[in-house]
Amino acid sequence: MLARGRLYFAAMNGLKRSVLGVHSILKLSLTAQTFTKRKPHVLDKELLCGCFPRTMSSVSTQFLDLGCGRKIAYKYREGDTKTPTVVYSPGIMQTMEDVKAVAVDNFCKENGVNCIRYDYEGLGESSGSLDTAIFGQWIEDLQNIVDKICKTPVLYVSFSMGGWISTVVAQRTPNKLHSLLYVSPGFNFLYLYYLIFYEKLTAEQKQALDDGKRIKFNDIFLRWDFAWESKRHHIDFEKPVPLNAPIRIIHGMKDRNAPYSVTLEVASLFESMDIDVYLRKSGGHNMDEPQDMALMLASLKNLVQDYPIEK
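If you're matching positions, the sequence shown starts at 1 in UniProt numbering and goes up one per residue.
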């Protein structure tokens, strides 16, 4: 365990330079792109009132059996076969009952759109435990949802870490990609956060991590092998990201967890030329205030209506 502790410190300087210095890395790789210019969304009060989740949306929970005791809990709202399938991927420690997930589901209910929301393994109603789950399994969770349940092209809606997972799966299955809607996306951050947060822990907490245990830290959890394994799934931002589909990104300028400035540069690396980025000056990371939610739903409505599925 002492060797692992030394590894934390040895990796710290180099990793901080490479990840916290993401701006300089990205600027070397920027492609000549332009963002599409559209008339700004007018916030639709009726849309917001109809979809803002005063109560939980009534869809029964189902389970997708992956074998070896692994089961993904999900809720599937079947809509018109001529609409995409909206798949919502939550942030870390969130479930399919998160306020944004339910708002998206209510929107789909009101508009006859296919919708799936689900729980990562170890969270919510899915099988497993955060003591043993690894990040790669969370990617497999979404991959299995897309491969085995989605009947129409996928419109990925994601929050925070869910954007990282959605991007990985969307790249793997370009033939099933309709579009992507990111809210406060965060990429490639788990290992770096682990190293930074480790330095803020008590001696007792550090020992628990060194012994391979999981600890709670603020609103998330820390576990060595979970953070270490996540590096295998880092998105390569030193070259263009092969996503050729409509992309919408919503980010708060007061986000202290995932800086919007990084999002702007990452957006320039997507190969798609149909990208809109919306910045909320008063928005934080969670983006769950009524005005934030209205912008998310307006963007979702745009993607569903303006990009019909070609049969």
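Just so you know, even glycine gets a beta-carbon here, dropped at the ideal spot from N, CA and C.
Bridge partner(s) assigned by DSSP for residue i
i	result
residue 225	In DSSP, residue 225 forms no bridge with anything.
residue 275	247
residue 286	Note: residue 286 sits in no beta bridge, so no partner.
residue 220	217
Straight-line gap, residue i to residue j (C-alpha atoms, nearest Å)
i	j	result
residue 58	residue 97	11 Å
residue 190	residue 83	34 Å
residue 227	residue 117	24 Å
residue 150	residue 143	10 Å
residue 269	residue 241	6 Å
residue 208	residue 130	15 Å
residue 312	residue 184	Shown here, the chain extends from 1 to 311; a query on residue 312 therefore has no answer.
residue 304	residue 127	32 Å
residue 275	residue 214	38 Å
residue 340	residue 203	No statement about residue 340 is possible, as the shown extent of the chain runs from 1 to 311 and does not include it.
residue 141	residue 291	31 Å
residue 221	residue 289	25 Å
residue 122	residue 293	27 Å
residue 187	residue 235	7 Å
residue 229	residue 135	7 Å
residue 76	residue 87	9 Å
residue 267	residue 132	33 Å
residue 200	residue 231	22 Å
residue 210	residue 219	21 Å
residue 168	residue 139	8 Å
residue 154	residue 114	9 Å
residue 179	residue 247	6 Å
residue 224	residue 271	34 Å
residue 41	residue 296	Any reading at residue 41 needs caution, since the residue's pLDDT is 48, under 50, leaving its predicted position unreliable; the model's value is listed next. Distance between the alpha carbons of residue 41 and residue 296: 10 Å.
residue 351	residue 309	Nothing about residue 351 can be reported from this structure: the residues present for the chain run from 1 to 311 only.
residue 67	residue 112	32 Å
residue 65	residue 72	7 Å
Segment limits, beta strand (DSSP E) that includes residue i
i	result
residue 70	70 to 77
residue 65	62 to 67
For residue i, the first and last residue of its enclosing alpha helix (DSSP H)
i	result
residue 119	Careful: residue 119 lies outside any alpha helix (DSSP H) and carries neither H nor E.
residue 206	203 to 210
residue 309	Counting along the chain, residue 309 falls outside any alpha helix (DSSP H), and DSSP gives it neither H nor E.
>> I'd like to know if the segment 90 to 108 and the segment 196 to 205 are in contact, where contact means that at least 3 CB-CB pairs between them fall below 8 Å.
In response: Contact between the segment 90 to 108 and the segment 196 to 205 is absent, because fewer than three Cβ pairs lie under 8 Å.
> Can you list the alpha helix (DSSP H) stretches of 4 or more residues lying completely in the segment 225 to 273, in chain order?
Replying inline: Given a length threshold of 4 residues, each whole run of the alpha helix (DSSP H) inside the segment 225 to 273 is given here in chain order: 260 to 269.
> Residue ranges of each alpha helix (DSSP H) run of no fewer than 4 residues wholly in the UniProt domain "Serine aminopeptidase S33" (85 to 188), ordered along the chain?
Replying inline: At a cut-off of 4 residues, the continuous stretches assigned as alpha helix (DSSP H) that sit fully inside the UniProt domain "Serine aminopeptidase S33" (85 to 188) are 99 to 111, 135 to 148 and 161 to 172.
> Do the segment 164 to 178 and the segment 254 to 265 touch if we need at least three Cβ pairs shorter than 8 Å?
Replying inline: Three or more beta-carbon pairs separated by less than 8 Å are not found between the segment 164 to 178 and the segment 254 to 265, which leaves the two stretches without contact.
> Do the segment 243 to 252 and the segment 272 to 281 meet, that is, are 3 or more Cβ pairs less than 8 Å apart?
Replying inline: Yes, since at least three Cβ pairs between the segment 243 to 252 and the segment 272 to 281 fall closer than 8 Å, the two stretches touch.
> So, do the segment 104 to 114 and the segment 296 to 303 have three or more beta carbon pairs nearer to each other than 8 Å?
Replying inline: Segments in contact, yes.
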